[in-house]
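Novice: Here's a structure for you.
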């Protein structure tokens, strides 16, 4: 018995050591990426970096104002398009089970794994080739298509966690199934739903390939959503692959801003989710 207990303690300590070592190995590349981005990008930060439009590649001065505008506008279009459809799809998966539900969920899971460049080509054929122009609208729709399955799956999983007694109680009071879903179940699961929406936004903010096929890019501020639009990711790609050293510094600065935006969004999501869980308890 003693030797068996010693073997169990040894195995337990061994697994703790191995898991800690794996954690540190995985943490190393992450820290190095953050360090390199902060050190290289900090040199590009200035007031003009946020208040001026993008210069020609290799040119001096300029900023990322047009890229920030384009990114936020396209994320807004994507949210207006992808979030409502994703919510409805996730609600349908959770509340109306059946044979069709299985195929809808399978489709949503497949869409989450579709390469973003395929989505870009699809929207190019659907909208850009039809309108004969690149536009922020096409870029927003491409990002919206990518957001939909993420929001749908997260909404589905959040609604599954809602106690069945809440659903049954609402139906017993004579509330219709649709109103129960909209006003009670989604309200109860709002923490998970909001988290899924925010994570989907963070996911598509780092996409480049679909925007190359849809929004293309621009060195000017937009006057309409039907105009080509700049974005942080395309700017980073174009300046980072150029042969000019000052363009590389510019790309690192844009990468740092993008990293801070995504990091801030994730912090807000974590804080909000924790607050709602605490409040529920």
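Residue numbers (this note's numbering): 61 to 341. Note that CB positions come from ideal geometry on N, CA and C, so glycine has one too. Keep in mind it's a predicted model, so treat the numbers as computed, not measured.
1. Could you tell me which of 265, 283 and 302 sits nearest to residue 324, measuring between CA atoms?
2. If we call anything under 8 Å between Cβ atoms a contact, is residue 101 one with residue 112?
3. Assess, as a yes-or-no matter, whether the region 224-236 is touched by the region 186-199 under the definition of 3 or more beta carbon pairs within less than 8 Å.
4. Quick check on the DSSP output: the alpha helix (DSSP H) that includes residue 235 runs from which residue to which?
5. Got a sec? Which residues, its chain only, sit under 8 Å from residue 244 by beta carbon, not counting five neighbours each side?
6. Please report how far the alpha carbon of residue 126 lies from the alpha carbon of residue 139, in whole angstroms.
7. Helix, strand or coil: which one does DSSP assign to residue 112?
8. Out of 326, 215 and 202, which has the shortest C-alpha to C-alpha gap to residue 181?
9. Starting from residue 147, follow the alpha helix (DSSP H) in both directions and report where the run begins and ends.
10. Roughly how many whole angstroms lie between the Cα atoms of residue 276 and residue 224?
11. Could you check the C-alpha separation between residue 258 and residue 173 for me, to the nearest Å?
12. Would you report the Cα separation of residue 321 and residue 94, rounded to the nearest angstrom?
13. Which residues mark the beginning and the end of the alpha helix (DSSP H) in which residue 59 is found?
14. Determine the closest residue to residue 116 out of 278, 330 and 273, with distance taken between C-alpha atoms.
15. With H, G and I counted as helix, E and B as strand and the rest as coil, what does DSSP make of residue 273?
16. Check whether the region 141-150 and the region 207-220 are in contact - that is, three or more C-beta pairs closer than 8 Å.
17. Given residue 188, which residues of its chain have a CB within under 8 Å of its CB, disregarding the five upstream and five downstream residues?
18. Helix, strand or coil: how does DSSP classify residue 192 here?
19. For residue 318, which residues in the same chain have their Cβ closer than 6 Å to its Cβ, ignoring the five residues on either side in sequence?
Specialist: The structure says:
1. Position 264 of the chain shown holds residue 324. Comparing Cα-Cα distances from residue 324 to each of 265, 283 and 302, the minimum goes to 265.
2. Counted from its first residue, the chain shown places residue 101 at position 41. Counted from its first residue, the chain shown places residue 112 at position 52. Cβ distance not < 8 Å, so residue 101 and residue 112 don't count as in contact.
3. no
4. One-based indexing of the chain shown puts residue 235 at position 175. From DSSP, residue 235 is part of no alpha helix (DSSP H); its letter is neither H nor E.
5. Stepping through the chain shown from its first residue, residue 244 is reached at position 184. If we look at residue 244 and ignore the five residues flanking it on each side, its Cβ neighbours are 226, 227, 230 and 235.
6. Taking the first residue of the chain shown as position 1, residue 126 is located at position 66. Taking the first residue of the chain shown as position 1, residue 139 is located at position 79. Distance between the alpha carbons of residue 126 and residue 139: 20 Å.
7. Residue mapping note: residue 112 aligns to position 52 of the chain shown, counting from 1. Coil, per DSSP.
8. For the purposes of this step, residue 181 is taken as residue 121 along the chain shown, with counting starting at 1. Among 326, 215 and 202, the Cα nearest to that of residue 181 is on 202.
9. What you label residue 147 is simply residue 87 of the chain shown in a count that begins at 1. Unbroken alpha helix (DSSP H) run through residue 147: 125-155.
10. By one-based count along the chain shown, residue 276 stands at place 216. By one-based count along the chain shown, residue 224 stands at place 164. Taking the straight line from one Cα to the other gives about 48 Å.
11. Here residue 258 refers to the residue found at position 198 when the chain shown is read from its first residue. Here residue 173 refers to the residue found at position 113 when the chain shown is read from its first residue. Those two C-alpha atoms are separated by around 19 Å.
12. As a working note, residue 321 is residue 261 in the chain shown. As a working note, residue 94 is residue 34 in the chain shown. When rounded, the distance between both Cα atoms is 14 Å.
13. For the chain, the structure presents residues 61 to 341; residue 59 sits outside this window and is missing.
14. Locating residue 116 in the chain shown gives position 56, counting from the first residue. It is 278 whose Cα lies nearest to the Cα of residue 116.
15. The sequence position of residue 273 within the chain shown is 213, counting from 1. Of the three classes helix, strand and coil, the one that applies to residue 273 here is helix, per DSSP.
16. yes
17. Position 128 of the chain shown, counted from the start, is the residue given in the question as residue 188. For residue 188, where only same-chain residues beyond five positions count, the Cβ hits under 8 Å are 194, 195, 198, 273 and 274.
18. As a position in the chain shown, residue 192 is number 132, starting the count at 1. Coil at residue 192, not helix or strand.
19. Position 258 of the chain shown, counted from the start, is the residue given in the question as residue 318. Cβ neighbours of residue 318 beyond the five flanking positions: 292.
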